[in-house]
Amino acid sequence: MEENITDSPRETGPRTTNPVRISRILIVISLCVVVIFGLNTLRKPKTTENQPTPEVAGISVTPTTEITPQVKDQLITLDEIAKHDQKDDCWFAIENKVYDVTSFISSAKHPGKDAIIQGCGKDATSLYNTRPMGSKTPHSDKARSFLINFQIGILTDTNEE
Numbered sequence: 001m002e003e004n005i006t007d008s009p010r011e012t013g014p015r016t017t018n019p020v021r022i023s024r025i026l027i028v029i030s031l032c033v034v035v036i037f038g039l040n041t042l043r044k045p046k047t048t049e050n051q052p053t054p055e056v057a058g059i060s061v062t063p064t065t066e067i068t069p070q071v072k073d074q075l076i077t078l079d080e081i082a083k084h085d086q087k088d089d090c091w092f093a094i095e096n097k098v099y100d101v102t103s104f105i106s107s108a109k110h111p112g113k114d115a116i117i118q119g120c121g122k123d124a125t126s127l128y129n130t131r132p133m134g135s136k137t138p139h140s141d142k143a144r145s146f147l148i149n150f151q152i153g154i155l156t157d158t159n160e161e
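Below is the structure:
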């Protein structure tokens, strides 16, 4: 008679689990749940307060006025813009939109330094599009997208506001 011999013994009976191993797995799972829940709790809700500050050419500046649809639709005359013709109170119009760039000027982060002041209190469309004191080229699309953060109204040609 031949005997059947195998290299590895066969297990017989029910398989037992190691309680220490189960405890470690439960601890790891619990820690993962706590971390995920904690991160979600700390995450701030998305509101305009939590939006990133506008940035162009590595410059970040907070707009002077909170822009709402009502503010952007406000009609402003050149006579009103002319009252804001100083470095510490600067409004100008570009392509029929009115901007308050006072906070940007006070940050001293304009790449063209004081060139921006030349537009205070007037329709600065030509200055903005030609940059006669700088490169003599139009501003970039990135600069244009940055400017919208300072819009306070729309230029009107009537004195009725």
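Just so you know, UniProt numbering puts 81 at position 81 of the sequence shown, and the rest follows in order with no gaps. Ideal Cβ positions, reconstructed from N, Cα and C, are used throughout, including at glycine.
For residue i, does the count of other Cβ atoms within 10 angstroms reach 16, so buried, or fall short, so exposed?
i	result
F37	exposed
I116	buried
N18	exposed
R147	In the sequence on display, residue 147 carries Leu and not Arg. L147 is buried by the Cβ-count criterion.
C32	exposed
N149	buried
Across which residues does DSSP place residue i in a beta bridge pair?
i	result
F92	Y99
L75	I154
D141	Looking at the DSSP assignment, D141 forms no beta bridge with any residue, so it has no partner.
D114	DSSP, once it has assigned bridges, lists no residue as partnering D114.
State the CB to CB distance for the pair residue i and residue j, rounded to an integer number of angstroms; the pair is presumed to be in contact (CB under 8 angstroms).
i	j	result
V98	I154	7 angstroms
A93	A124	7 angstroms
G121	L127	Not really, about 12 angstroms apart at Cβ, beyond 8 angstroms.
Measuring CB to CB, does residue i end up less than 8 angstroms from residue j?
i	j	result
S107	D88	no
T156	I76	yes
I152	Q86	no
At a Cβ threshold of 8 angstroms, is residue i touching chain B?
i	result
F146	Given the protein chain composition of this structure (a single chain), no chain B is represented.
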